[in-house]
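S.K.: The structure's right below; bear with me while I get my questions together.
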Amino acid sequence: MTELAGVFSAVATPFRPEDASLDVGGLRDLVERTITGGIHGLVPNGSTGEFPSLSGDERREVAEVVIDQAAGRVPVIPHVAAMTTKEAVSLAQHAEAAGAAAVMAVAPYYEPLTIEEIKKYFLTIAGSVSVPVVVYNLPVATGVNLTAEHVVDLARRAGNITHVKDTTGDLSQAARLIHDHGDEIKTLVGWDTLFFASLLEGAAGSIVGAANFIAPELVAIYDAVRAGQISSAKKDWDRIFPIMQFLVGGGYVPAVRAALDITGHSAGPAREPIGPLESERYAELEALLKPHSA
Numbered sequence: 219m220t221e222l223a224g225v226f227s228a229v230a231t232p233f234r235p236e237d238a239s240l241d242v243g244g245l246r247d248l249v250e251r252t253i254t255g256g257i258h259g260l261v262p263n264g265s266t267g268e269f270p271s272l273s274g275d276e277r278r279e280v281a282e283v284v285i286d287q288a289a290g291r292v293p294v295i296p297h298v299a300a301m302t303t304k305e306a307v308s309l310a311q312h313a314e315a316a317g318a319a320a321v322m323a324v325a326p327y328y329e330p331l332t333i334e335e336i337k338k339y340f341l342t343i344a345g346s347v348s349v350p351v352v353v354y355n356l357p358v359a360t361g362v363n364l365t366a367e368h369v370v371d372l373a374r375r376a377g378n379i380t381h382v383k384d385t386t387g388d389l390s391q392a393a394r395l396i397h398d399h400g401d402e403i404k405t406l407v408g409w410d411t412l413f414f415a416s417l418l419e420g421a422a423g424s425i426v427g428a429a430n431f432i433a434p435e436l437v438a439i440y441d442a443v444r445a446g447q448i449s450s451a452k453k454d455w456d457r458i459f460p461i462m463q464f465l466v467g468g469g470y471v472p473a474v475r476a477a478l479d480i481t482g483h484s485a486g487p488a489r490e491p492i493g494p495l496e497s498e499r500y501a502e503l504e505a506l507l508k509p510h511s512a
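The sequence shown begins at 219 in the working numbering and counts up one residue at a time.
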């Protein structure tokens, strides 16, 4: 089984400027550049990848393209969540057949569900594939926080539920998973400003959109922490923290797209109704990224 640890990029989905159609060439370029930057893994079709705006066929194509371009160099974990269990299972099975190292799923986020209904959804997905499953906890979008107890119960009931992506923004919750349940499930933190702190706590790694444009910096921090070079890692973290703070300050998807544009690697516009980053915020981000631009 492929180790799922390190810095994973929450891959943006490039669209063509003229009609916002999928830009396959741009996606391949983004994947290649991110791998060259030292990234440890790729997570397409997630929140940063704007999965709600993609059709099922587009999500399958994105997964296939990313897996093909990665060519086994790094693990690819397509996000396969859907509003119905049937569609999530279909996407998960497609991802496995395409060569995914694992799959990830967030809980359904429109119709209010009970915890038991949510657990059944995850267990059914896990039972439909043989690859590892990452439970994506994103309460700001789903309206439900999967506690450490909920997540560990899932891991105990399905042997291939091996990781959780914790995007609660609550370091104490992530720390509970890491310290109290690290022998049962591994934690990947998905909140950009908690990247450094979560590594110090012992997280297996992180899945962040910032890796689309500052992968080498993030990987250097991860490597330094793992090598016990905390002072060096902290200095590097201090340099990029303002960028991470900017991303979580609102309009995450437009900010990632603006950052790609500023660093010379435009991924096109987001799909409406998501609009571009406001001009004042764009200028602020441009100043933050100046040392990192091409």
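Glycine included, every Cβ here is placed at the ideal spot set by N, Cα and C. Since this is a predicted model, take the numbers as computed values, not measurements.
Using only alpha-carbon positions, find the residue among 485, 500, 270 and 253 that is nearest to residue 325.
M.R.: Locating residue 325 in the sequence shown gives position 107, counting from the first residue. It is 270.
S.K.: Could you check whether the Cβ of residue 254 sits closer than 8 Å to any Cβ belonging to chain B?
M.R.: Of the chains in the structure shown, none is chain B; there is only one protein chain.
S.K.: By how many angstroms is the C-alpha of residue 453 removed from the C-alpha of residue 329?
M.R.: Within the sequence shown, the letter at position 111 stands for residue 329. Within the sequence shown, the letter at position 235 stands for residue 453. For residue 329 and residue 453, the distance between alpha carbons rounds to 44 Å.
S.K.: In whole angstroms, what is the alpha-carbon distance linking residue 414 and residue 376?
M.R.: Counting from 1 along the sequence shown, the entry for residue 414 is found at position 196. Counting from 1 along the sequence shown, the entry for residue 376 is found at position 158. Between residue 414 and residue 376, the C-alpha separation is close to 30 Å.
S.K.: DSSP has residue 471 in a bridge; who is on the other side?
M.R.: Stepping through the sequence shown from its first residue, residue 471 is reached at position 253. Answer is none; residue 471 lacks a bridge partner.
S.K.: What number of angstroms, rounded off, separates the C-alpha of residue 458 from the C-alpha of residue 251?
M.R.: Counted from its first residue, the sequence shown places residue 458 at position 240. Counted from its first residue, the sequence shown places residue 251 at position 33. Their backbone Cα atoms lie some 19 Å apart in a straight line.
S.K.: Starting from residue 312, trace the alpha helix (DSSP H) both ways and give me its first and last residue.
M.R.: By one-based count along the sequence shown, residue 312 stands at place 94. Looking at the DSSP string, the run of the alpha helix (DSSP H) that includes residue 312 is 303-316.
S.K.: Using the Cβ count rule (16 or more neighbours within 10 Å means buried), how would you classify residue 337?
M.R.: Position 119 of the sequence shown, counted from the first residue, corresponds to residue 337. Buried, because 16 or more other Cβ atoms sit within 10 Å of the Cβ of residue 337.
S.K.: State the DSSP-derived secondary structure class of residue 254, mapped to helix, strand or coil.
M.R.: Within the sequence shown, residue 254 is the residue found at index 36, counting from 1. DSSP places residue 254 in helix when its eight states are reduced to three.
S.K.: Alpha carbon to alpha carbon, what distance is there between residue 260 and residue 430?
M.R.: For the purposes of this step, residue 430 is taken as the residue at position 212 of the sequence shown. For the purposes of this step, residue 260 is taken as the residue at position 42 of the sequence shown. Approximately 10 Å between the Cα atoms of the pair.
S.K.: Beta-carbon within less than 8 Å of residue 282's beta-carbon, same chain only, minus the 5 sequence neighbours each way: which residues are those?
M.R.: Reading the sequence shown from its first residue, position 64 is the one you call residue 282. For residue 282, where only same-chain residues beyond five positions count, the Cβ hits under 8 Å are 316.
S.K.: Identify the residues that DSSP records as bridge partners of residue 386: which are they?
M.R.: Within the sequence shown, residue 386 is the residue found at index 168, counting from 1. According to DSSP, residue 386 bridges with nothing at all.
S.K.: Does DSSP put residue 425 in a helix, in a strand, or in coil?
M.R.: Residue numbering aside, residue 425 sits at position 207 when the sequence shown is read from its first letter. Note: residue 425 maps to strand in three-state DSSP.
S.K.: Per the contact definition of three or more C-beta pairs closer than 8 Å, is the region 458-474 in contact with the region 234-245?
M.R.: At 8 Å Cβ cutoff, the stretches do not touch.
S.K.: Tell me whether the beta-carbon of residue 262 lies closer than 8 Å to the beta-carbon of residue 487.
M.R.: Numbered from its first residue, the sequence shown carries residue 262 at position 44. Numbered from its first residue, the sequence shown carries residue 487 at position 269. Their beta carbons are not under 8 Å apart, which means residue 262 does not touch residue 487 by this criterion.
S.K.: Please state the DSSP three-state secondary structure of residue 285.
M.R.: Against the sequence shown, residue 285 aligns to sequence position 67. DSSP places residue 285 in helix when its eight states are reduced to three.
S.K.: From residue 239 to residue 446, what does the alpha carbon distance come to, in whole angstroms?
M.R.: Locating residue 239 in the sequence shown gives position 21, counting from the first residue. Locating residue 446 in the sequence shown gives position 228, counting from the first residue. Between residue 239 and residue 446, the C-alpha separation is close to 45 Å.
S.K.: How would you call residue 397, buried or exposed, if buried means at least 16 neighbouring beta carbons within 10 angstroms?
M.R.: As a first step, residue 397 must be located in the sequence shown, where it is residue number 179. Exposed: under 16 other Cβ atoms inside 10 Å.
S.K.: Should residue 274 go down as buried or exposed, given a rule of 16 or more other Cβ atoms within 10 Å for buried?
M.R.: As a working note, residue 274 is residue 56 in the sequence shown. Label assigned to residue 274: exposed.
S.K.: Drop a sphere of 10 angstroms on the beta-carbon of residue 254, count the other beta-carbons inside from all chains shown, and report buried for 16 or more, exposed for fewer.
M.R.: Here the question's residue 254 lines up with position 36 in the sequence shown. Exposed, by the Cβ-count rule.
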